[in-house]
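Chains as they are written, first to last, in our numbering: chain C, 2 to 284; chain B, 2 to 320; chain A, 2 to 320; chain E, 2 to 507. Using N, Cα and C, we set each Cβ at its ideal position, and we do this for glycine too.
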Amino acid sequence: QAKVAIVTPYMAQPGTQFYVEAFQAVADENDWDVNVIDTAGDVAAVISRIEDLVVQNVDAIVINVDPTQVTAGLQAAKDAGIPVFGMDAGADPLLVTNVTSNGYAMAAETSTYVADRIKGEGNVVMFVFEAFPPVQVRGVVADAVFGNYPDIKVLDRVTPDVSDGGIADSRAKMEAILSANPEPGSIKAVWAAWDQPALGALQAIEDAGRSGEGIVITGIDANPQAREAIAAGGNFEASVAQDFSGIGAATADAVARVLAGEEILQSVTYVPTKLITKANATE
Amino acid sequence: MVFIRRYGTLIGFVAILVFFSVMLPATFPTARNWLNITQQTSMLMVVAAGMTVVMVMGDFDLSVGSAASLAGIVAALMMAAGQPIWAAVSIALAVGLLGGAFNGAMVSLVGILPFIATLATMTMFSGLAFVVSGGKTISGRAIPEDFGNFARGGIPLGDWGGVAVSLPNLSIIAILVILVVWILLEQTTFGRRLYAMGGNMEAAHLSGIAVKRLRLIAFSLTGLAAAAGGLMYASRVASANPVQGSGLMLNAIAAVFLGTTMSRHGEPRILATVVGVIVLGVLDNGLTQLSVDSYIRQVLVGALILVAVGAGSLGQKRR
Amino acid sequence: MVFIRRYGTLIGFVAILVFFSVMLPATFPTARNWLNITQQTSMLMVVAAGMTVVMVMGDFDLSVGSAASLAGIVAALMMAAGQPIWAAVSIALAVGLLGGAFNGAMVSLVGILPFIATLATMTMFSGLAFVVSGGKTISGRAIPEDFGNFARGGIPLGDWGGVAVSLPNLSIIAILVILVVWILLEQTTFGRRLYAMGGNMEAAHLSGIAVKRLRLIAFSLTGLAAAAGGLMYASRVASANPVQGSGLMLNAIAAVFLGTTMSRHGEPRILATVVGVIVLGVLDNGLTQLSVDSYIRQVLVGALILVAVGAGSLGQKRR
Amino acid sequence: MASPVPLLSATSVTKAYAGIPALSGASLVVAPGEIHALMGENGAGKSTLIKILAGVVAPDTAHIAIDGAPVTIESTKAAYRLGLRFIHQEFNVVPTLSVAENIFMGRRYPRRASILVDWVELNRQAQRALDRLGIDHIDPRQNLGELGLGDQMLVRISAALLDDAKLYVMDEPTAALTADESQRLFRVLREIRASGSSVLYVSHRLDEVMALCDKATVLRDGRSIDSGALANITHDDLVALMIGRKVEEAYPKAVAEPRDTTVFAATNLATLGLKPTSFSLRAGEVLGIAGLSGSGQGELIRAIFGDFRVTSGTMSLDNAPYAPASPAAAWQSGVAYVPRERRAEGLVMRRPIYQNITLAHLKRQSRAGTWLTPGREKRFAADLGANMRLKAVGPAQDVIELSGGNQQKVVFAKAVAGDPRLLLLEEPTRGVDVGAKFDIYSIIRERTAKGAGVILVSSDLPELIGICDRIAIMRDGTITTIVDAAGLGEDDLVNLCYGRTTGMVA
Ligand SMILES: Nc1ncnc2c1ncn2[C@@H]1O[C@H](COP(=O)(O)OP(=O)(O)OP(=O)(O)O)[C@@H](O)[C@H]1O
Ligand SMILES: Nc1ncnc2c1ncn2[C@@H]1O[C@H](COP(=O)(O)OP(=O)(O)OP(=O)(O)O)[C@@H](O)[C@H]1O
Ligand SMILES: [Mg+2]
Ligand SMILES: [Mg+2]
């Protein structure tokens, strides 16, 4: 029975759950002994846990954290001959491969959706998060898209407090922004780099009685709560579905191939994404 | 002089209010905005009110955030399993009460320092929340609409400058909880005894106060309030995840401590805690309305608290 | 009886060690694994050592985590801007020292409660870390290889059962810091005065101890240690982001408090803090090796701490 | 004798707390080479004046001169540099540190390699300081908290005597000392006088003051009302000066003889530190407990009070079995307690007087045992306070603002507030002035007249002899004999405590 461990600091984020579940499903088929380790946001602890796994001599390790930050652990694994896989982590020479969606493409989908819907003019509120590289790149793309429209003005670039999941604080922030911009039409759209702020903004807009102004909201990830909001046909109009399960399963496949003795050549394995609107939200 | 000493902090806070009102005359000092603030702070208010109870004895409870998360998860899971809302809410509150009683037992019967005991249970409750939920966020159709609607509802107060305003349900709960804690701490022998314990545990014991039992009860109440706060949170976001209450703990302790700077001998008082919570809420609300960059806002919040509290402390020359 | 009372907690911890050694005979009680543990806990060790200094006086410092993050960010930015490593490290340490001195000034000169003062600076330092870094993680080529290599290096100790083992650089730093703090607290007038202040602030003041100045110095040292811990963390992850130190604060306080359950009068002692840190590290290390699910691990860590500390407390029945 | 430049002169000293004067133009002149008593009833302002000299409290106005040179004392360090040493009224020690470290607190420890503490030298110098008081039973390496109160006081005195100074100020140093220990202190104080330095001495034990001091300054209501040589004044006149009225007798007469019914009995009672002990107490009787410190007096009281677990034996109260599981149960049964250390064990310092008094009686002092009735509580407390001349702004004043003696009265008021059947008193009059002592004794007698029993632990031998009906001698953790107090002399009692035989044993 092969021993495989998944180490992540981001277990509390909904996406991670799906990776892990899909990974587990494949693992069960292969009869692996899977150990899921959550370090609750602590990146150095990821290194520590990898070191522990090396001492324990597991057969493969999967991480979902920026590999450049855990080089010490990756090196220890490499020295011990244990293969390490990235599951939406980032490309790195010390990884066998990194399985992920294309973050630039996702942000381009929603930001162009917004720009098209508001016909290239008006005030936009952005919810971003720079501390987490995969989310940070989305902000970069959206900045570029909005910057390309001379009549789009970014009213505020908010970083919500995510320690509680992000919805409640985003909502409070949006409530304040709405209070500060009471004129109907003074806010045309809310672009969020992931779904939780979009949901918070939606609640704030509905609660303020301004859902009739046609403020366009987009998110990224298309988590179940977001899909429901989109399906309901309110202000929340679009999100992008990453195929989390696909990433998890593809990672497990990569592990299986390497355990079977195969060599994997591409340093990144992309799994396709999909724009979610009212039309396909309930699929 | 004596005035400054006692009210210095309060004056600092009033100065902050005046500042925001001047900077944002059209939006900040409106009934609508203030009702928003009471709603935004209602969960913290309830948890901080519970925290005040143990802090009156000079103790802490670090587990309130995890207890709130756990209560939210438990209720959500029960509702997802088709149980009626009242049953889910009752069981979740019972979980909070039991968790608090466990804290109380560790502190008073076993004799573990509150800081260690509740740090350990903080970890445990959080782990339990993950275990029972499998780490997932429970949302969407799993949560009955009525549950989410509760947080969105309120009692209409009529028109105010042309805008319909209503007193949010969450604010009403917060006010009720404050009232109950106020009666408990200020009007009953129970509260008097807690204050005596906070002033001198040994003297209280030798004066015939059943310190162990009271400590147990106090921690149970704090756990109950934490669970209530967690349920309010879950209702507000119409979902539950195993970490959503974690921000509440430090803020609740901060609010109580901010309050202590306004009381005679630095003891916690429920009404002072209320001011503390509102100050935290107002700073967030006002600075966001001013479109202050969120990072700079953090720095400002810290600095403003130091200035407000420091103004009060500087008046208090030791000699 | 007296034995149990004094050493109850320690016995609990030894039981944990024995348990892991029995369950994991091949991997847990090995030199290699123990060197790993010293390295894994080294950052916490340094921060907790600094925390011990203020806690000896009966104070807290909640800002150590943010100070650690800020120091890491400052050093990373300077290195990214092409400054030499020594300059970056020195400036980052100076930032920690200044931040600590600011805490100390708020607490001792202005007279703000340590909890509020350091909670406010925790927010401020964290905001500053975001502001200067623009919220980004600084990693990859921005960080000189030598900086990241430091944490990976060590002094070779030779072969041990066929495996080459070495004493990690980070562990060496931790040991040095512990040594310095030990000398400071246990062997200098400065340290003894801090203990006097912690034992009875009023008596210390009346006997002519310059309590304000000493408090200022103590907080500065804690800030310095926090910065050192933050730099070690940054070196270990070869990167810096504005939140990476945030987990250190509660763990550092927890380690010191765990330590106090082993000292005679419940006062913090640096060597007891060391034991506290190692206990936390061993629980993580051992339970990971036992492949315990991380959620259940959380529950177990909390429960084991309660059992170990509780065993010690139950022994102390005075009445 | 020529009148030399005074060593210390403090004139027009005023200080008001929140507008209420504690000192109103007090003055004090201490000459070199004298032991000068500072007298006055509780709350007269003695400690306040001393704290001003020590740089702890800032005066509103003060003209202070040392050796004729005007000075301002803005910090404790300044006072130290001026050659002043202090023993304050309240216990300011660090129980968690060693005796030697407490002696050196605030001073630079002896050092090695210019930074490291030289522990050997530290302990040696501390030992020397203890030797000066003739103390050989205290190890400087011991934790201070392990010592009894008397020994702790001896350590504090040793600390003040560590190096030579001009003026030693002692605020009730003997309140916790045995007669024997007091004598040793007096010997050293006389040595100090002989060396040309001076002592400013505060005590409510007048015999001691008359025997030891050369001069006295009397404060009343924050003013110096007289100053002069003690040789020229009688005990009674001094009392009248201090409290503004005559006190005929030191101790009130018992109103009634003890009755023949038993209030309390202990049979083979034992607990940690107490060997099986039996005695009984009649209704209306005051039973004194005497003995060297550490003979088990505290343990006996705490066992009766339900605070120490009883390991064997039985007790009865009003002839019913009595086995309290906690102090709460003891209060319920009608047993009240005045603990030894008022600040640590008796009072919630930052709470009002009335809340301290009703703390043990909240069941009765509330509606339905639940709802507070502050108005009624305050009236109740004010009445009790008036009975013992409590000097306070009102029942809502915080206890921390009271003078030491008045704090003690609050503790006593709490104990008698519930009409107890059995009163357990440890040093109930510590720091209380002569007038108020009489009031307290009267209240004790009132209780006994109603049939209550009283057990009194005291290190003040005249008090034991004056107020008790019988005195039990404790040695090595048990009661060895019980004697009638009538006709007993102080020397007899001392001999009994040391286990030396006299003809007096009953
Ligand atoms: N911190 C304070 N705040 C308010 N009033 C105070 C404070 N300290 C002392 N007082 C008041 O000052 C007066 C003088 O008190 P002080 O302690 O000097 O009396 P004392 O002569 O030492 O009495 P005792 O013999 O009981 O020790 C008292 O009325 C007391 O209540
Ligand atoms: N109130 C006091 N009681 C006892 N000793 C005192 C007091 N105030 C000062 N001293 C002692 O007087 C001397 C001078 O004091 P000071 O603290 O200025 O010295 P220092 O050089 O600063 O010592 P350190 O560097 O150890 O603090 C020291 O030996 C100090 O310990
Ligand atoms: Mg000095
Ligand atoms: Mg006094």
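DSSP lists C:ALA242 as the bridge partner or partners of C:LYS275.
Residues of the segment 203–221 of chain B that bring their beta carbon within less than 8 Å of a beta carbon in chain E comprise GLU203, ALA204, ALA205, HIS206, LEU207, SER208, GLY209, ILE210 and ALA211, in sequence order. For E:SER204, the shortest C-beta to heavy atom distance toward ligand 4 is 6 Å or greater. With a threshold of 7 Å between beta carbons, C:LYS279 makes no contact with chain B. CA-to-CA, the gap between E:GLY436 and B:ALA118 works out to about 50 Å. In summary, A:PRO85 is exposed, with fewer than 16 beta-carbon neighbours lying within 10 Å of its beta-carbon over all protein chains present.
With contacts defined as CB atoms closer than 7 Å, E:VAL170 and E:PHE87 qualify as a contacting pair. DSSP places C:GLU122 in the strand class (E or B) of the three-state scheme. Contact annotation, E:VAL14 with E:PRO71: C-beta distance approximately 14 Å; criterion of less than 8 Å not satisfied.
Minimum Cα-Cα distance from A:PHE20 among the listed residues A:SER295, A:LEU288, A:ALA304 and A:LEU307 corresponds to A:LEU288. By a beta-carbon distance limit of 8 Å, E:VAL57 does not contact E:LYS16. Their separation comes to about 11 Å. In this structure A:ARG194 does not touch A:LEU177 by the C-beta definition: roughly 24 Å separates them, more than the 8 Å allowed. Per DSSP, the continuous beta strand (DSSP E) segment holding E:ASN269 begins and ends at 263–272.
Comparing alpha-carbon positions, the option among C:PHE24, C:ALA23 and C:ASP32 lying closest to C:GLN2 turns out to be C:ASP32. At least one CB of chain B lies nearer than 7 Å to the CB of A:PHE116.
Between B:ILE144 and B:ALA228, the C-beta spacing is not below 7 Å. Of all residues in the segment 333–351 of chain E, only GLN333, TYR338, PRO340, ALA345, GLU346, GLY347, LEU348, VAL349, MET350 and ARG351 come within less than 8 Å of chain B when Cβ atoms are compared, listed by chain position. Using a CB distance cut-off of 7 Å, B:THR262 does not count as an interface residue toward chain E. Counted as a single uninterrupted DSSP element, the alpha helix (DSSP H) harbouring A:GLY73 occupies residues 65–81. The C-beta distance from C:PRO225 to B:GLY141 rounds to 5 Å, short enough to meet the 8 Å contact threshold. Counting along the chain, no alpha helix (DSSP H) covers C:ASN99; the unbroken beta strand (DSSP E) around it starts and ends at 99–101. Exclusion of E:LYS52 from the 6 Å shell around ligand 4 follows from its C-beta lying no nearer than that to any non-hydrogen atom of the ligand. For B:PHE29, there is no enclosing beta strand (DSSP E), as DSSP marks it with neither H nor E. B:ILE156 sits in a strand when the DSSP states are folded into three classes. Sorted by position in the chain, E:TYR18, E:ALA23, E:ASN43, E:GLY44, E:ALA45, E:GLY46, E:LYS47, E:SER48, E:THR49, E:GLU402, E:LEU403, E:SER404, E:GLY405 and E:GLY406 make up the residues whose C-beta lies under 5 Å from a heavy atom of ligand 1.
Taken in chain order, the members of the segment 22–35 of chain A whose beta-carbon sits within less than 7 Å of a beta-carbon on chain C are THR28, ARG33 and ASN34. If you draw a straight line from the Cα of B:GLY154 to the Cα of A:LEU281, it comes to about 45 Å. Taking 6 Å as the cut-off, the C-beta of A:GLN299 does not count as close to any heavy atom of ligand 4. From the listed residues E:GLU147, E:ILE444, E:SER25 and E:ASP399, the smallest Cα separation to E:PHE413 is found for E:ILE444. In this structure, DSSP gives B:ILE113 a state outside helix and strand, which the three-state scheme calls coil. Collapsing the DSSP output to three states places E:LEU293 in coil.
Interface with chain B (7 Å Cβ-Cβ cutoff): E:THR371 is included.
For B:LEU251, the neighbours in chain A by C-beta distance under 9 Å run, in chain order, LEU63, LEU120 and MET123. Taking 7 Å as the threshold, the shortest C-beta distance from B:VAL278 to chain C does not fall below it.
Distance from the CA of C:ASN182 to the CA of A:ILE17, rounded to the nearest whole angstrom, comes to 59 Å. When secondary structure is reduced to three states using DSSP, C:MET12 falls in the coil class, being assigned neither helix nor strand.
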